[in-house]
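Note that the numbering used here gives residue 380 to position 376 of the sequence shown, counting from 1, and the numbers run on in steps of one.
Everything below concerns the one structure shown next.
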Amino acid sequence: MKINITENIKISMRGYTIINVNAYWEENGRRYAVKACDGLKIDSNDKEVILRGSYDGRNVEWKLCDKGNYITAELTIQSKNEVYIDALCAFRGEIKPEEANQKFLKVPFDNDDWVKFESKEYSKSEMGYGVSAVYNQNGALIIGALEYDIWKTGIIPNECIEVRSGVTDKLTRDTIKHGTVHGEIVKSPVIYIGESRTWQQGMMGFADIYNEYNTRLLWHGPIPFGWNSWYAYMKEIDMDKYMEASKFVSKTNFYDKNVSYINFDAFWNVGLTSEELLKAAEFVKERGQIPGAYIAPFAGWIKEDCIDDYVTYDTGERVRVDGFEDIRYSDIILKDYNGRILPPLDGGYPLDVTHPVVIERLRYVIKYLGGLGYRYIKADFLGHAAVEGKHYIKEIQTGMAAYNYAMQKLKEYCIEEGMFISLSIAPLFPGGYGHSRRICCDVFQQFKDTEYLLNAVTYGFWQNKKVYEFTDPDHICFNGNYAEAKSRLVSALVGGTLMLMSNDVENEDINKRILDLTSNNELLDIAREHITFVPIDESIDRDFASVFISENKKYMIIFNMTDTDRKICTSAKGIKPKIGEDLFTKVKIDLSATDCYELRARDCTVLRIVE
């Protein structure tokens with residue numbers, strides 16, 4: 005990479021040139037542009053360009069640093085008096101690719117409401133969140149934010165691509181504008197601009213640098229294999245069904261280091277007493293398993309006509325905190341800047357997660373479950389904590405700042421109890437608060453569900469072992485036909501290695517199918533090895549890849565999600581396996597002659613690369 009300064013700033017890299025590079029900030033309805041041609045003082049050398057100037061009493065510093073195969077950009081606004089910044093853009097420029105047919109990868113803000121990753125023609129694309137890629141078959145440009153402590157950041161693919169910090173819309177789950185950030189010094193996030201031969205390598209490169217700025221939460225215990233109650237029983241979960249699930253899992257190979265997890269999902273707090281929860285946990289532990297449970301601490305699950313009711317814990321008791329003895333839900337539901345209650349999201353009101361009562365409810369439920377012996381927590385609907393609004397703690401000025409505050413508390417309480425923290429519906433960034441995060445929304449048993457998961461794995465694989473210790477492919481539902489069940493198992497192997505089935509354990513037909521599909525320990529060893537799979541193709545007519553190869557080049561996983569038999573190409577740049585052994589049929593296949601593997605309609609398989 006190279007940064008050139010004449011009248012304007014130009015960045016040259018493999019396959020791309022970015023011209024007229026500039027920055028801006030917005031304050032009190034006015035946009036202030038920061039350009040090299042504006043008479044700014046420029047300090048530069050081979051590795052760094054710093055532009056400094058004064059605008060209406062604001063001292064501005066715009067820094068570009070050449071790190072080799074990537075550049076960082078950062079914009080700082082400073083004043084003797086407080087500045088009130090609505091948005092910042094530390095990087096904006098016109099992309100001049102060497103070749104046409106550029107695509108833009110739109111990464112979603114979160115995994116709610118069955119949102120998808122999108123890869124489209126650049127001119128037809130919409131704003132991505134956090135990080136995006138501009139690419140074709142010969143190279144890739146990766147642009148994204150490395151910090152998420154205050155700002156929500158979007159990458160906008162206009163004629164000039166821009167990285168705007170201070171974005172809100174329906175896909176950030178907001179109904180009002182981004183919080184204004186004020187202080188004597190206001191900074192943008194550090195922005196990453198990187199180059200790579202492929203978008204896959206580029207996204208992994210971004211994730212590596214992200215991991216240098218943000219420490220992921222490591223896990224040294226067994227990888228969670230086991231069972232989750234949600235799809236199996238939903239609201240009808242009880243102690244007896246939970247215990248039967250424990251018995252069934254003990255008959256399977258669903259374990260790591262001889263340990264399985266048996267997890268209550270939502271509604272454990274509706275029908276189970278403390279005595280039953282304790283008995284269930286003790287039953288599981290006696291079988292050498294680990295009990296888990298569910299919380300959704302930042303959403304208010306109350307009807308509109310009940311918002312003036314007193315606040316209660318998940319166990320039903322009224323919350324009493326010193327100084328807040330008579331607190332009601334209307335006091336802790338997040339409001340806009342004019343004091344109006346914000347609308348529900350996913351059926352639950354976003355709570356003000358900086359309010360002491362909300363944090364006390366969080367602390368209580370984690371300590372309560374921990375005291376009963378539960379050592380796995382699925383934390384759901386966490387995006388409610390990132391909604392923009394007026395917060396109890398005035399120093400917390402934005403939704404992301406509130407999210408960080410609340411999630412730090414959640415992490416601290418769970419770590420004190422020795423819990424595995426599984427984030428369910430949550431923003432992608434920042435990582436570091438959970439050992440795992442669901443890579444997409446709910447995934448059930450049909451082929452369309454597997455296709456939805458494959459979309460997230462295709463374009464979000466780079467999160468595994470980098471942004472989060474594990475990407476979570478959601479519970480594995482074996483309730484469909486055999487081919488559907490097989491595709492869910494194999495897609496879970498691709499999806500990040502958490503292996504939690506969710507089946508009615510009283511259904512003998514499904515139980516037989518599970519025992520058949522999971523009897524092959526070599527398949528499950530792939531998950532136990534905690535392997536990341538990288539997509540090596542993109543379907544022309546579908547929004548997911550058909551072929552994935554493990555980072556260690558030991559395994560290839562192939563899907564044919566069409567309604568006809570197909571020969572699927574198994575080679576790509578730098579990848580040309582010769583012989584593969586099908587782990588389902590144990591047949592060795594010569595791939596060198598045709599670079600293809602034939603699969604029946606709606607089938608998938610796992611190949612161990614022999615040579």
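All C-beta atoms in this analysis are idealised placements derived from N, C-alpha and C, irrespective of residue type, glycine included.
On the premise that Phe210 lies in contact with Gly148, defined as a C-beta separation below 8 Å, what is that separation, rounded to the nearest angstrom?
Sequence index remark: in the sequence shown, residue 148 carries index 144 (1-based). Sequence index remark: in the sequence shown, residue 210 carries index 206 (1-based). Between Phe210 and Gly148 the Cβ distance is about 6 Å, and since that is below 8 Å, they are a contact.
Just the C-alpha distance for Pro301 and Lys255, rounded to the nearest angstrom, thanks.
Counted from its first residue, the sequence shown places residue 301 at position 297. Counted from its first residue, the sequence shown places residue 255 at position 251. Each residue's Cα considered, the two are about 34 Å apart.
Which residue wins for smallest C-alpha separation from Asp42, given the options Leu504, Gly33, Val64, Arg34?
As a first step, residue 42 is located in the sequence shown; it is residue number 38 there, counting from the start. Among Leu504, Gly33, Val64, Arg34, the Cα nearest to that of Asp42 is on Val64.
Go through the region 251–327 residue by residue and report every complete run of the alpha helix (DSSP H) that reaches 4 residues or more, in order.
272–275, 278–290
Could you have a look at Glu240 and say whether DSSP puts it in helix, strand or coil?
Position 236 of the sequence shown holds residue 240. Note: Glu240 maps to helix in three-state DSSP.
Which runs of the alpha helix (DSSP H) fall wholly inside the region 157–229 and span at least 4 residues, in chain order?
203–217
By the 10 Å Cβ neighbour count, where 16 or more other Cβ atoms means buried, how is Lys490 classified, buried or exposed?
On the sequence shown, residue 490 is found 486 positions in, with the first residue counted as 1. Flag for Lys490 reads buried.
Output yes or no for whether 8 Å exceeds the beta carbon distance between Cys481 and Asn459.
The residue given as residue 481 occupies position 477 in the sequence shown. The residue given as residue 459 occupies position 455 in the sequence shown. Their beta carbons are not under 8 Å apart, which means Cys481 does not touch Asn459 by this criterion.
For Thr80, does the three-state DSSP call read helix, strand or coil?
For the purposes of this step, residue 80 is taken as the residue at position 76 of the sequence shown. It is a strand residue.
Please classify Phe121: does DSSP put it in a helix, a strand, or coil?
As a first step, residue 121 is located in the sequence shown; it is residue number 117 there, counting from the start. In the structure shown, Phe121 sits in coil (DSSP, three-state: anything other than H, G, I, E or B).
Could you check which residue in Asn73, Glu555, Asn85, Cys69 has the C-alpha nearest to that of Leu79?
Start at 1 with the first residue of the sequence shown, and residue 79 comes out as number 75. Among Asn73, Glu555, Asn85, Cys69, the Cα nearest to that of Leu79 belongs to Cys69.
Distance, Cα to Cα, Thr609 vs Lys582?
The sequence position of residue 609 within the sequence shown is 605, counting from 1. The sequence position of residue 582 within the sequence shown is 578, counting from 1. Each residue's alpha carbon lies about 17 Å from the other.
CA-CA distance, Asp116 and Lys45?
One-based indexing of the sequence shown puts residue 116 at position 112. One-based indexing of the sequence shown puts residue 45 at position 41. One C-alpha to the other measures close to 45 Å.
For Phe385 and Trp305, what's the separation of their Cα atoms in angstroms?
Taking the first residue of the sequence shown as 1, we reach residue 385 at position 381. Taking the first residue of the sequence shown as 1, we reach residue 305 at position 301. Rounded to whole angstroms, Phe385 to Trp305 spans 11 Å at the Cα level.
Can Ile425 and Ile381 be called in contact, C-beta distance under 8 Å?
Residue 425 sits at position 421 when you count from the first residue of the sequence shown. Residue 381 sits at position 377 when you count from the first residue of the sequence shown. Their beta carbons are under 8 Å apart, which means Ile425 touches Ile381 by this criterion.
Do three or more CB pairs link the region 212–229 to the region 136–154 at distances below 8 Å?
yes
Give me the Cα-Cα distance between Asn485 and Ser233, rounded to the nearest whole angstrom.
Working through the sequence shown from its first residue, we reach residue 485 at position 481. Working through the sequence shown from its first residue, we reach residue 233 at position 229. So the two alpha carbons sit approximately 20 Å from each other.
Glu98: which of Gln82, Ser264, Thr172, Tyr20 sits nearest, CA to CA?
For the purposes of this step, residue 98 is identified with residue 94 of the sequence shown, where counting begins at 1. The shortest C-alpha separation from Glu98 is found at Tyr20.
Given a cut-off of 8 Å, decide if Tyr36 and Cys93 are closer than it, judged by their beta-carbon atoms.
Your numbering for residue 93 matches position 89 in the sequence shown. Your numbering for residue 36 matches position 32 in the sequence shown. It is not a contact, given that the beta carbons lie outside the stated cut-off.
Can a CB atom of chain D be found closer than 8 Å to the CB of Thr316?
Protein chain content of the structure displayed is limited to a single chain, and chain D is not contained in it.
Reducing DSSP to helix, strand and coil, say where Tyr380 ends up.
Within the sequence shown, the letter at position 376 stands for residue 380. Strand at Tyr380.
Would you mind giving the Cβ-Cβ distance between Val538 and Phe465, rounded to the nearest angstrom? I have them listed as a contact below 8 Å.
For the purposes of this step, residue 538 is taken as residue 534 along the sequence shown, with counting starting at 1. For the purposes of this step, residue 465 is taken as residue 461 along the sequence shown, with counting starting at 1. Right, their Cβ atoms sit about 6 Å apart.
Enumerate, from N- to C-terminal direction, the unbroken beta strand (DSSP E) stretches of 3 or more residues contained entirely within the region 79–111.
91–101, 107–110
Local Cβ density within 10 Å of Tyr214, reported as buried at 16 or more and exposed below that
Looking up residue 214 in the sequence shown gives position 210. With 16 or more Cβ atoms within 10 Å of its Cβ, Tyr214 is classed as buried.
Can you say whether Val87 is buried or exposed, counting buried as having 16 or more other CB atoms within 10 angstroms of its CB?
Residue numbering aside, residue 87 sits at position 83 when the sequence shown is read from its first letter. Buried.
Helix or strand or just coil, what does DSSP make of Lys592?
As a position in the sequence shown, residue 592 is number 588, starting the count at 1. Lys592 falls in the strand class under three-state DSSP.
In whole angstroms, what is the alpha-carbon distance linking Arg365 and Ala297?
In the sequence shown, residue 365 corresponds to position 361, counting from 1. In the sequence shown, residue 297 corresponds to position 293, counting from 1. Going by the C-alpha atoms only, they are around 16 Å apart.
For Val471, which of helix, strand or coil comes out of DSSP?
As a working mapping, residue 471 is identified with position 467 in the sequence shown. Of the three classes helix, strand and coil, the one that applies to Val471 here is coil, per DSSP.
Between which two residues does the alpha helix (DSSP H) containing Pro360 stretch?
The residue you call residue 360 lines up with position 356 of the sequence shown. It spans 360–375 - the alpha helix (DSSP H) in which Pro360 sits, taken as one unbroken run.
I need the DSSP call for Trp155, collapsed to helix, strand or coil.
Against the sequence shown, residue 155 aligns to sequence position 151. Trp155: coil per DSSP, three-state reduction.
I'd like the list of long-range same chain contacts for Thr566, defined as Cβ closer than 7 Å, with 5 residues on each side in sequence excluded.
Sequence index remark: in the sequence shown, residue 566 carries index 562 (1-based). Closer than 7 Å at Cβ, skipping near neighbours: Ala605.
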